[in-house]
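Accompanying notes for the structure given below.
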Amino acid sequence: MVKITFVIKNLLSTYYIFGIIAKGANKALDKVSYCGNNDDGFGVGAMLIIIGLIMFYNSLKNLKIKRLIENVPTSKARSVAMGLVELKGKIENRNKTLTDPFDGKDCVYWHIHIQQYMKRGKRRTWVTRHKAKKHVPFYLTDQTGSVLVNMQGANLKNVKRDNEYESAMFFSDDIPPKVEDYCNKENVKLRGWLGGKKRMRFRVTYLEPDDDIYIIGSARSPNLDETNGLKKITAIIDKSKDGIFILSDKSEKELIDDYGGQSWIVPLGIILSGIGLSLILKSAGVFLSEFS
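The sequence shown begins at 1094 in the working numbering and counts up by one.
This is the structure:
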């Protein structure tokens, strides 16, 4: 029942958005015919085709990952088969941990993202000033055993953000000393040339020991040097040949919702590309008799 409701909701959303786009496209087509400016129609049409194809490709890729997460069964660490696998468990550190630069947490992975709010053209937006990340191998442990996870090349976009700090030009709290020290070390300027504070945003993400972890990746047999650790392992998990390697502290259900929640974008991408093609053909005079 929930799935049916979800599909109907997506279809209605697509229908509603298509109606808005189609209405705008008809106005654009009429304008092209009225003004006789074929260049405008061709430019807008080409832009819509490119946007539509990008939306279509990204949505299909996300739906492929969603179906993969749904269809690959969860393995146990003790009996994991070689090849593409799905695992769930807890993080255990191997030989060492890292310390994240902002909060000083012991972790196996951290990611820093610093942005400045500034003018770009006619509008203001957040612009990236600095990005950095670091990780070390760790154990995924469940009730049956452990595997060693090599995070190199992993998709970590679905790791939840842990903390965010912000500074503004006026009336903002001071940022933590560790954040300021990190910015000074990495030469990230916090003040303008007159000494005033910039509007900045500081985000940190990390994975700590004992965090729940979800992984879909490739399992292989460990080499001799990879078995020199604190625990007995049954496999090494790393990036598969087809590039699938996802790590997340979200649940499987959350990931399925994230990757499948915008399935309506697939038909929307097709619609945009179709409207773009119509505009291009219209500007070339192919459909003048039908749309005038």
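From the three backbone atoms N, C-alpha and C, an ideal C-beta is built for every residue, glycine too. The model shown is predicted, which means the values in this text are computed figures rather than measured ones.
Item                                                                                                                        : Value
For Arg1171 and Thr1327, believed in contact at Cβ under 8 Å, the rounded distance                                          : 6 Å
Sequence-distant residues of its chain with Cβ nearer than 6 Å to His1228 (five each side left out)                         : Tyr1202 and Met1244
Simplified DSSP state of Val1137, which is helix, strand or coil                                                            : helix
Contact check, Asp1342 vs Val1252, beta carbons under 8 Å                                                                   : yes
Residue ranges of each beta strand (DSSP E) within the region 1282 to 1330, 3 or longer                                     : 1293 to 1300 and 1305 to 1313
Glu1347 (DSSP reduced to helix, strand or coil)                                                                             : helix
Neighbourhood of Glu1207 by C-beta, 6 Å cutoff - its chain only, sequence neighbours within 5 removed                       : For the record, residue 1207 in the displayed sequence is Ile; it is not Glu. Counting only Cβ-Cβ distances below 6 Å, and skipping sequence neighbours, we find Arg1222, His1223, Val1281 and Phe1295.
Exposed unless 16 or more other CB atoms sit within 10 angstroms - verdict on Ser1344                                       : exposed
C-beta contact flag for Pro1194 and Ile1205 at 8 Å                                                                          : yes
Sequence-distant residues of its chain with Cβ nearer than 7 Å to Ala1139 (five each side left out)                         : Gly1369 and Ile1373
C-alpha gap between Arg1216 and Tyr1210, whole angstroms                                                                    : 10 Å
Reduced DSSP secondary structure (H/G/I, E/B, other) of Lys1212                                                             : strand
Presumed contact (8 Å Cβ cut-off) between Ala1174 and Ala1312, rounded CB distance                                          : 7 Å
Residues near Asp1199 by beta carbon distance below 7 Å, same chain, minus five either side                                 : Thr1190, Thr1192, Glu1301 and Pro1302
8 Å Cβ cutoff met for Leu1161 and Ile1337                                                                                   : yes
C-beta contact flag for Ile1309 and Val1165 at 8 Å                                                                          : yes
Buried/exposed call for Tyr1127, threshold 16 Cβ in 10 Å                                                                    : Reliability fails at Tyr1127, whose pLDDT of 44 lies under 50, so the model's placement of it is uncertain and the value that follows must be treated cautiously. Burial call: exposed.
For Lys1183, the first and last residue of its enclosing beta strand (DSSP E)                                               : Gly1176 to Asn1186
Rounded Cβ spacing between Tyr1352 and Lys1159 (contact assumed at less than 8 Å)                                           : 4 Å
Cut-off 7 Å between Cβ atoms - residues of its own chain near Ser1333, not counting five sequence neighbours on either side : Leu1177, Gly1310 and Ser1311
Same chain, Cβ closer than 6 Å to Glu1179, neighbours up to 5 away in sequence not counted                                  : Val1165, Thr1167 and Ile1309
Selected residue, minimal CA-CA separation from Pro1315, among Leu1156, Tyr1232 and Leu1348                                 : Tyr1232
Per-residue DSSP class, three states only, for Ile1337                                                                      : coil
Range covered by the beta strand (DSSP E) that runs through Glu1273                                                         : Not the beta strand (DSSP E): Glu1273 falls in the alpha helix (DSSP H), residues Pro1270 to Lys1278.
Neighbourhood of Arg1254 by C-beta, 8 Å cutoff - its chain only, sequence neighbours within 5 removed                       : Arg1296, Val1297 and Thr1298
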